[in-house]
Structure formats: structure tokens, C-alpha cells
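Beneath this line is the structure, given in C-alpha cells, with notes to follow.
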């Protein structure tokens, strides 16, 4: 859902939208793991927090997630004009 909202907001530039939609949810995942771990009293969550919530690791996660988003955009652009891609696009249009 977060990636969809980000992609919708930045839809004019597909590369930026794909990078942000791939990278920013990584932050949500990390913070939600730590938050819910603290909420339920998960043992060892303090060590997990120290490990996951450091800036080099978070920056790397966002960059690698963003690169994954760009790879997804590249693959989508390669597949969308094939017969299988056309069928998928037609099915998505029916859902709208």
C-alpha cells in the first residue's frame, strides 16, 4: 500500500516513482519490526533495534530497495508489449 501511494504521487516520473516505491517501504518494514517487537515484548528486540536502526544499514536498504524498484520498472517495460504482457494489462483494465 505504501509503495502504491508513493508511485501514485510521483507518477509523472516513473524512474523516481519506482526508486522511491522500492526503497522507502524498507524503512517502514524495519521500524514496524522494532515497534511491534517492543509492543509484544519480544526477547532480544533491543539488540535487533541496535542492529537494524543504524544509518548505514538503513541507507543501504533504501538504495538496494530503490534499485529493485528500477529493475522492476525495466522488466515491466520489457514485458508489457509481449502477448502475455498485453493479456495482463487487459485483465488489469477490466478490474478498474
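Residue numbers (the working numbering): 11 to 106.
Positions of the beta carbon are idealized from the N, C-alpha and C atoms, including for glycine.
What separation, rounded to the nearest whole angstrom, lies between the Cα atoms of residue 80 and residue 53? Cα to Cα, residue 80 sits roughly 37 Å from residue 53.
What residues in its chain sit with their C-beta under 6 Å from that of residue 28, if we drop five residues either side in the sequence? Within the same chain, residue 28 has close Cβ partners 79, 80, 83.
Does DSSP classify residue 50 as helix, strand or coil? Secondary structure at residue 50: coil, using DSSP grouped into helix, strand and coil.
Between 34, 24, 18, which lies nearest to residue 86 when the distance is taken from Cα to Cα? With distances taken between Cα atoms, residue 86 lies closest to 24.
Of the listed residues 63, 72, 33, 97, nearest to residue 43 (C-alpha basis): Minimum Cα-Cα distance from residue 43 among the listed residues 63, 72, 33, 97 corresponds to 63.
Going residue by residue through the segment 27-77, where are the continuous alpha helix (DSSP H) segments of at least 4 residues, counting only ones entirely within it? List check, alpha helix (DSSP H) in window: 55-62.
Candidates 98, 40, 93, of which the one nearest residue 70 by Cα: Among 98, 40, 93, the Cα nearest to that of residue 70 is on 40.
When 35, 95, 97 are compared against residue 73, the one with the closest alpha-carbon: When only C-alpha atoms are compared, the closest one is 35.
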